[in-house]
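The structure under discussion appears below in the form of structure tokens.
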Amino acid sequence: MSEYLLDSNIIIDFLIGRKKAIESLGEIKKIDHFPATSALCIAEVQIGVKGGEEEATNKFLESLKVYDLTRAIANQAGEYIRE
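Quick note: our numbering has the sequence shown finishing at residue 84, numbered continuously throughout.
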């Protein structure tokens, strides 16, 4: 199964129930991809969690594979974005 790296904006949109994000995650699973994210995105999501949202947020985040962000990964990401 391949992985699909989610950015924090997609995770947040999913958690607040935005239809497009929910549909997108459903499509990712249909094409046999596994959702993943980076440790930095986890931090970005956690910043905005409000009281009463912790359990659902953490349950969803625990379902994702999480990649640590290294200098090499950050540099490569910057190069991809720049192109």
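Ideal placement from N, C-alpha and C gives every residue a C-beta, glycine not left out. Here the structure is a predicted model, which means the values were calculated and not measured.
Spatial neighbours of ILE23 in its own chain (CB-CB distance under 7 Å, excluding positions within 5 residues in sequence) are listed in chain order as PHE15. For SER64, the secondary structure class from DSSP, reduced to helix, strand or coil, is coil. Collapsing the DSSP output to three states places LEU7 in coil.
When the alpha-carbon of LYS60 is set against those of ILE43, LEU6 and ARG72, the nearest one is in ILE43.
Note that the C-beta distance between LEU7 and THR38 is below 8 Å.
With a minimum length of 3 residues, the unbroken runs of beta strand (DSSP E) contained wholly in the segment 11-83 fall at 34-39 and 66-68. Note on geometry: alpha-carbon atoms of GLY27 and ASN76 lie some 30 Å from one another.
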